[in-house]
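Let me begin by presenting the structure, written as structure tokens, before commenting on it.
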Ligand SMILES: Nc1nc2c(ncn2[C@@H]2O[C@H](COP(=O)(O)OP(=O)(O)OP(=O)(O)O)[C@@H](O)[C@H]2O)c(=O)[nH]1
Ligand SMILES: [Mg+2]
Ligand SMILES: [Zn+2]
């Protein structure tokens with residue numbers, strides 16, 4: 021006989037992610053989840069972003085990698101709380117890892133929580149971390165067809181950031197085509213282009229982030245003052 | 062290879078179900094995989110087989126239903142399957158539509174045989 025089950029394969033992760041989302045809402049934390057192929061420039065973007073914040077800005081970073089705490093060490097130099105999540109072979113972060121490391125970090129809102137996922141364009145997009153937005157990075161050295169090859173993440177991301185634009189003169193890459201491809205998958209996806217090396221495009225990126233923070237604040241329960 | 066993780070999540074669900082009904086004999090599990098789910102069918106089937114090998118679930122069949130991306134037109138309500146990334150409504154030509162299918166990563170059903178009453 022056939023018994024109807026009808027549940028999400030990742031229902032346990034979804035449950036934990038919903039708890040995290042609830043916690044973020046209560047504490048007025050804006051959590052964003054950065055996803056890209058290995059080496060597209062997630063850590064570099066975070067470094068430059070942290071560098072732009074005044075000391076004491078309420079911001080924390082969780083950074084995931086298969087091995088090593090290199091990224092955390094790079095990010096710690098900016099004086100904000102950073103914690104490395106070493107997944108030990110798992111190719112994505114899940115809600116349980118985030119919950120545990122967030123507790124260890126002792127970060128409480130209100131504030132900004134930046135989560136760098138494991139470098140991988142496929143698996144991280146299946147695992148909800150309770151974030152307000154997924155941000156997908158695509159570097160100019162990767163090819164314009166990436167959105168069509170990895171539609172899952174471009175479908176779920178709120179924002180696509182084209183990175184390493186300082187290299188555009190040296191590579192054959194058409195940003196317009198890359199964006200067209202992304203919008204074939206997700207017509208409403210936001211788009212920014214920047215270089216973490218020269219800082220080009222950073223004002224727009226910081227403005228995008230501030231606007232999202234503003235929106236989150238307005239939606240938060242107006243209890244804490 | 063996150064299909065291994067997906068396969069073990071499926072297996073955990075079946076095991077939980079098996080604990081609830083220790084007498085039942087599970088024969089198949091049905092899952093729905095959407096084209097936007099980032100899960101590769103063959104890799105999932107392979108991982109599932111590898112993980113159940115020489116376990117009580119060794120003979121369990123994994124039945125995968127592949128779900129294409131489907132959209133619903135915001136103007137006329139037409140529901141259509143997306144081919145070649147064409148999101149425009151085939152009925153009325155409206156460009157705006159919402160995604161209603163293709164992200165599935167669900168366990169749909171279990172096939173099981175319950176033993177007859179022992180007499
Ligand atoms: N020219 C140039 N190089 C960059 C830029 N951003 C990052 N890089 C370089 O690209 C390489 C990878 O950058 P990371 O920031 O470590 O990339 P990642 O996405 O964090 O990598 P993983 O965490 O390993 O997935 C490094 O050598 C960076 O110096 C950029 O804007 N311009
Ligand atoms: Mg990194
Ligand atoms: Zn229509």
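Residue numbers (the working numbering), protein chains in the order written: chain L, 21 to 245; chain U, 62 to 180.
Here a beta-carbon is modelled for each residue, glycine too, at the ideal position from N, C-alpha and C.
Note that the coordinates shown come from a computational prediction; the quantities given were computed from them, not determined experimentally.
Check whether the Cβ of residue 144 (chain U) lies closer than 8 Å to any heavy atom of ligand 1, and answer yes or no.
For ligand 1, not one heavy atom lies less than 8 Å from the Cβ of residue 144 (chain U).
What are the start and end residues of each continuous beta strand (DSSP E) run of 3 or more residues lying completely inside the segment 40-115 of chain L, in chain order?
Within the segment 40-115 of chain L, the complete beta strand (DSSP E) runs of at least 3 residues are 49-55, 79-85, 102-106.
Only counting the same chain, and skipping five residues up and downstream in sequence, which positions put a Cβ closer than 6 Å to that of residue 147 (chain L)?
The residues 33, 112, 114, in chain order, have a CB closer than 6 Å to that of residue 147 (chain L) in the same chain once the five nearest residues on each side in sequence are set aside.
Going by CA-CA distance only, name the one from L:94, L:26, L:116, L:186 that's closest to residue 64 (chain L).
Among L:94, L:26, L:116, L:186, the Cα nearest to that of residue 64 (chain L) belongs to L:94.
Taking the C-alpha atoms as reference points, what is the distance between residue 169 (chain U) and residue 193 (chain L)?
43 Å
If you run the structure through DSSP and keep just helix, strand and coil, what is residue 87 (chain U)?
strand
Is residue 185 (chain L) near ligand 2, going by C-beta to nearest heavy atom under 8 Å?
No, Cβ of residue 185 (chain L) sits at least 8 Å from all heavy atoms of ligand 2.
Any beta-carbon of chain U closer than 9 Å to the one on residue 23 (chain L)?
yes
May I ask you to check if the CB of residue 140 (chain U) is nearer than 8 Å to at least one heavy atom of ligand 2?
no
Closer than 8 Å, Cβ to Cβ, to anything on chain U: give me those residues from the segment 159-175 of chain L, in chain order.
168, 170, 171, 172, 173, 175
Can you tell me whether residue 119 (chain U) is buried or exposed, with buried defined as 16 or more other CB within 10 angstroms of its CB?
Around the CB of residue 119 (chain U), fewer than 16 other CB atoms lie within 10 Å, so the residue is classed as exposed.
Tell me which residues of the segment 27-39 of chain L have at least one Cβ-Cβ distance to chain U shorter than 9 Å, keeping chain order.
27, 28, 29, 30, 31, 32, 33
Using the beta carbon as the reference atom, which residues fall closer than 7 Å to any heavy atom of ligand 2, ordered along the chain?
The set of residues with any CB-heavy atom separation to ligand 2 below 7 Å comprises, in chain order, L:62, L:63, L:83, L:85, L:91, L:136, L:139.
Taking 8 Å as the cut-off, does the CB of residue 154 (chain U) come closer than this to any heavy atom belonging to ligand 3?
yes
Considering just the uninterrupted stretch of the beta strand (DSSP E) at residue 127 (chain U), what are its terminal residues?
122-128
For the beta strand (DSSP E) that contains residue 153 (chain L), what are its first and last residues?
153-159
Against chain U, which members of the segment 197-221 of chain L pass a CB distance test of less than 8 Å?
204, 205, 207
Looking at C-alpha atoms only, which residue of L:78, L:237, L:214 is the closest neighbour of residue 185 (chain L)?
L:214
For residue 143 (chain L), does the count of other Cβ atoms within 10 angstroms reach 16, so buried, or fall short, so exposed?
buried
So which residues on chain L does residue 63 (chain U) lean against when the C-beta distance must stay under 9 Å?
The contacting residues are 110, 111, 112, 140, 142, 143, 144, 146, 147.
Determine the chain L residues that contact residue 92 (chain U) at a beta-carbon separation under 9 Å, and present them in chain order.
29
So, is residue 236 (chain L) buried or exposed, given that buried needs 16 or more other C-beta atoms within 10 angstroms?
So residue 236 (chain L) counts as buried.
In terms of alpha-carbon separation, which member of L:117, L:99, L:125 lies closest to residue 138 (chain L)?
Minimum Cα distance to residue 138 (chain L) is reached at L:117.
Using DSSP's beta-bridge definition, name the partner residues of residue 158 (chain U).
U:134
Taking the C-alpha atoms as reference points, what is the distance between residue 179 (chain L) and residue 121 (chain U)?
41 Å
If you follow the alpha helix (DSSP H) that residue 77 (chain U) is part of, which residue opens it and which one closes it?
Per DSSP, residue 77 (chain U) belongs to the alpha helix (DSSP H) from 63-81.
Any beta carbon of chain L sitting closer than 9 Å to that of residue 122 (chain U)?
Chain L, which has no Cβ nearer than 9 Å to the Cβ of residue 122 (chain U), makes this no.
Taking only beta-carbon atoms, is residue 66 (chain U) less than 9 Å away from chain L?
yes
Can residue 136 (chain U) be considered in contact with ligand 3, in the sense that its beta carbon sits closer than 8 Å to one or more heavy atoms?
Yes, the Cβ of residue 136 (chain U) comes within 8 Å of a heavy atom of ligand 3.
Should residue 51 (chain L) be listed as close to ligand 3, given that the test is whether its C-beta is under 8 Å from any heavy atom?
no
Using a Cβ-Cβ cut-off of 9 Å, state whether residue 135 (chain U) counts as contacting chain L.
Against chain L, the CB of residue 135 (chain U) has no partner CB under 9 Å away; the residue lies outside that interface.
Out of curiosity, what's the CA-to-CA distance linking residue 141 (chain L) and residue 175 (chain U)?
43 Å
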